[in-house]
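A short write-up of the structure that comes next.
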Amino acid sequence: MIEDNEEHINEYEPVIGLEVHAELSTKTKIYCSCRNVFGGSPNTNVCPICMGLPGTLPSLNKKVVEYAVKAGIAMNCHINNISGHDRKNYFYPDLPKAYQISQWETPICENGYLDIVSDGRIKRIGINRIHIEEDAGKLLHESEKNSLADFNRCGVPLIEIVSEPDMNNSSQAKAYLETIKMILQYIGVSDCKMQEGSIRCDVNVSLRKKGSNKLGTRCELKNVNSFSSAIRGIEYEILRQTKILKSRGNIKQETRRWDDAIGKSIIMRTKENANDYRYFPEPDLKAIVISDYEIEKLKETIPELPNTKIWRYINEYGFSQIDAEIIVESTERAELFDKSVKLDICKPKTICNWILSDIAKIQNETGLAISDMNITADKLCTLISEVEKGNISNTAGKTVLSIIVKSGKDPLDIIKENNMAQNSDRESLRCIVRKVLLENPKSVNDYKNGKEKALGFIVGKCMQKSKGTANPSMLKEIILSEI
Amino acid sequence: MLLYKKTAAELSKMLRNRECSSVEICNSFLDRIKQNEKNTEAYITICDDIIDKAKEIDKMLALGEKLHALAGIPIALKDNISTKGIRTTCASKMLQNYIPPYDAYVVKKLKDAGMIITGKLNMDEFAMGSSTETSYFKKTHNPYDPDYVPGGSSGGCAAAVISGEAVLSLGSDTGGSIRQPAAFCGAVGFKPTYGSVSRYGLIAFASSLDQIGTICRDVSDTALLYNLICGYDKMDATSARREYPNFYSRLSDCNINGMRIGIPFEYFKENVSEEVIQNILNAIELLKYIGAEIYEISLPSTKYAVNAYYIISSAEASSNLARYDGVRYGYRTKNYNNLSDMYTKTRSEGFGDEVKRRIMLGNFVLSSGYYDKYYKKASDIRLMIKYEFNNAFKECDIIITPTYPTSAFKFGEHKDNLTKLYNNDIFTVPASLAGIPSISIPCGYSSKGLPIAMQIMGKNFSEMTLLKVAYAFEKLYGKPERME
């Protein structure tokens, strides 16, 4: 184990760069017409092209270019009007052609940035480039001697987003990763499902003396399969490298494999043994040409991005940072919220409360996505205003919501069908109260003798008699006057 | 006259006039193969459903169905063109038992037209070579003299067509692999513009140079077959999106009066045999006689063409051939200890020497530290060559050179001097690097009675012009006598 020594850490400043691979959610694969779907029985979603059979040729899926450009726009990149394809050559059984078609010389997007919020401060992280490439298959290691290959994932389109080494600690890295994930989901180019491996990253970490602007020797961590393991990996690397430097050792440039199970990085290869990928221009594909006009057209399709949204919620609606972030975190949640606000029926704060408490609760219990909940902005606002007007009780409101989720019915119909309208008729409530007081003389006495609890019992009984429709504040007021 | 001696155009006419049936045509070729294949050894695989297919066509013709002019006509293919269900070996041990699950674009075109595939023809392993000697399976012999090579890499195509074992063939040309064997065997070899015939299903050697083309007995058959295979294919991103004229029907209008012919005389000196130069000069005189104007042109960068060609083609080959790793298909070594051992043994045992040599060269020129020195420089030379051709075609309509500096050579003649063998590609590689169309057409014989050919090059998509000049020349000069 490496000791966590505050003193050591403070002497050096970590420099972190990230390479994020995101699978694009196009309908078909990047160079053939196989469907782009996750999973399936091994080797069933393949064709001669993605299997790299002799004589086959790639033809580029135009949607991939569109998606990559959208990502570039959302990350403030310069979009290259002309970019190329290059072959990255290496042998591995999950790579049927023994080369990956990628972009090396000229990527489709360059020189962008992202603003992240970390520890309450905004930090700008440079994006070096975004390029298009194809995914490889998967190996299943059956035993020491046997491995099985599944080529279903071959040819799934990827973008690789390469940051500048602009991050200095793991929480910045975390914020950066989460920002990227949100942006990709917002612009609809990747579902970023971590558990399906549709977003993965490689991590580069180096240390330098505080105040120095010279970069130290870096190590690259591979096999980082989730954001949380990226964070753990970064923290481990910072400690490992700090320990080496403190004991006057030298960091060697190497590629290390992150083992999440044991929480350690293990050396894969040193710089001397680094792969020579022998990049060269892909002769089977023509250059990607995209005009300024097409770029402008794509710009128009970019929705309000998460950071802008958060800022707007805080400034316009007076939300707390945390509430704004939680709403924005999910595209569906933010969409429901924005649409509801637009109807101008309920206050934004009230809508926010409903989404973050009642709707979130149902989501937690059922695991349903908002899109599967039958809840529209219209229905939500009708429901909220019924509660606000006192037409139904808060409790009844929650019941109505759960019925909407189950049936998709209109809230007003639900209230009518179930006689849920709140009883605010003073005379009929007084009748109920009088009956209950007569039937429960012991409780009345108890209350009069100072037992506060007895009042609760009486209220409960009245509520029961009214089948839950009694307006609670009015009910309490009548009981007190009648007792 | 025996059916196998006729051209495809003649056979097509006979078939339509009910003078013979497709079954009779195919049987004639099968008989010829049976009788002659031991001398030629052109085929790697002979199909077993030829007569069944011919019967189907005969039935359709009897019913009066309107079929393509080439329906019922047999054709043989170089063994690097993928054929569904028929093994496609690239003349390599590596793919000895590989059966493609799909048809190449051109194969689909042939089948749709009702043509009958007779089999797959021998070649240099993975199309690397110029004598068909690097084939893993057999040595194909030159129909003019069995001691001589048929040229390569499409040696099987040229030998089969000229020996009467096929009437039409499709080959592939990367740096002369159609034109040079055609020249050695006295056939017409046509490498069209890069991008005019889809490469989909052609097993890649060097993707930016590979081009499917024809080896036939005369210019008419060349035009007829090219008509069928050219065209845009969305499966090949380098395929050209354009319309093509009917080359065959326009051949008859072959007036070349006033045609400007450029000759780069600077290349007619060193290392070109006297006999070849003499025959080319005679051919030029003939063209002058029918109205062509002759201009001397200069293509200074072509002296670097062979070097650039071997760097670029080997670089691409090293990448294209990396997929033969024994994991999914093809040869896999019997005994191995681990993954790396399997890769090494599979590739060491599965590939022949020439292929290994080029893979090593290709990996070297792409490796870090050498890329700029070799691959990048070769790419720059390629651009200069293209540029010089473009300029030359402002001054002339076509360019004529010999196809090859010599007539056919003997087996093993160049085994100790590969550099000389590579350098002999000087006339064919420039058109490949520039992507321009080029046709090789017989124009004489050596003192040993071996064919000599001239090459006609034109600017991109000037196939019609090339075919017209070749046709005009052929009409005047006559077709060399064959198959006796």
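Chains as they are written, first to last, in the numbering used here: chain A, 1 to 483; chain B, 1001 to 1484. Built from N, CA and C at the ideal position, the CB exists for glycine as well. Since the structure is predicted, the reported quantities are computational estimates derived from the model, not experimental observations.
According to the DSSP secondary-structure assignment, residue 1457 of chain B is paired through a beta bridge with B:1399 and B:1438.
Of B:1433, B:1475, B:1477 and B:1444, the smallest CA-CA separation from residue 1459 of chain B is found for B:1433.
Residue contact with chain A for residue 1203 of chain B: present (Cβ-Cβ distance below 7 Å to some residue of chain A).
Look at residue 1082 of chain B: its C-beta is under 7 Å from a C-beta on chain A. Residue 259 of chain A carries a strand assignment under DSSP once its states are collapsed to helix, strand and coil. Under the three-state reduction of DSSP output, residue 267 of chain A falls in the strand class. If you look at residue 1356 of chain B, you'll find it in the alpha helix (DSSP H) that goes 1353-1366. DSSP, reduced to helix, strand and coil, places residue 422 of chain A outside both helices and strands of the structure shown, so it counts as coil.
Excluding its 5 nearest sequence neighbours in each direction, residue 1346 of chain B has C-beta neighbours in its own chain below 7 Å: 1325, 1326, 1331, 1332 and 1333, listed in chain order. Put simply, the region 11-28 of chain A does not touch the region 40-52 of chain A. Fewer than three CB pairs are less than 8 Å apart.
Close to chain B, meaning a Cβ-Cβ distance shorter than 7 Å, are the following residues of the region 259-284 of chain A: 276, 278, 280, 283 and 284. Judged by DSSP secondary structure, residue 1169 of chain B falls within the beta strand (DSSP E) whose first and last residues are 1168-1173. Interface residue (Cβ-Cβ distance to chain B less than 7 Å): residue 57 of chain A is classified as such.
In this structure, the beta-carbon distance from residue 400 of chain A to residue 414 of chain A falls below 7 Å. According to the DSSP assignment, residue 1092 of chain B belongs to no beta strand (DSSP E), since it is labelled neither H nor E.
Excluding its 5 nearest sequence neighbours in each direction, residue 1384 of chain B has C-beta neighbours in its own chain below 6 Å: 1301, listed in chain order.
Looking at the DSSP output, residue 1190 of chain B shares a beta bridge with B:1214 and B:1439. According to the DSSP assignment, residue 1252 of chain B belongs to no alpha helix (DSSP H), since it is labelled neither H nor E. Comparing alpha carbon positions, the residue from A:233, A:176, A:189 and A:144 closest to residue 125 of chain A is A:176. In the DSSP assignment, residue 1263 of chain B falls within the beta strand (DSSP E) that extends over 1260-1263.
Classified as buried, residue 1191 of chain B has 16 or more neighbouring CB atoms from the shown chains inside 10 Å of its CB.
In the pairwise beta carbon analysis, the region 139-146 of chain A is classified as not touching the region 98-115 of chain A: fewer than three pairs are separated by under 8 Å.
Here residue 427 of chain A carries a helix assignment [DSSP, helix/strand/coil]. Its chain contains 52 as the residues whose beta carbon lies nearer than 6 Å to that of residue 97 of chain A, once the 5 sequence neighbours on both sides are disregarded; these appear in chain order. Residues of chain B whose Cβ lies closer than 9 Å to the Cβ of residue 52 of chain A are, in chain order, 1323 and 1328. Closest in alpha carbon position to residue 170 of chain A, among A:187, A:303 and A:235, is A:235. Spanning the alpha carbons of residue 69 of chain A and residue 204 of chain A requires a straight line of approximately 25 Å. Under the Cβ criterion of 7 Å, residue 98 of chain A is counted among the residues facing chain B.
Three or more beta-carbon pairs separated by less than 8 Å link the region 142-155 of chain A to the region 28-36 of chain A, which places the two stretches in contact. Within the region 1218-1250 of chain B, contact with chain A at the beta-carbon level (separation under 8 Å) is assigned to 1234, 1235, 1236, 1237 and 1238. Less than 7 Å separates the beta-carbon of residue 1392 of chain B from that of residue 1297 of chain B.
Annotated as proximal: residue 1008 of chain B and residue 1168 of chain B, with beta-carbon spacing under 7 Å.
Fewer than three pairs of CB atoms, one per stretch, sit closer than 8 Å, so the region 1104-1124 of chain B makes no contact with the region 1420-1436 of chain B. Annotation for residue 1076 of chain B: the continuous beta strand (DSSP E) segment containing it runs 1074-1078. At least 7 Å separates the CB of residue 243 of chain A from every CB of chain B.
A straight-line Cα-Cα distance of about 18 Å links residue 1077 of chain B and residue 1025 of chain B.
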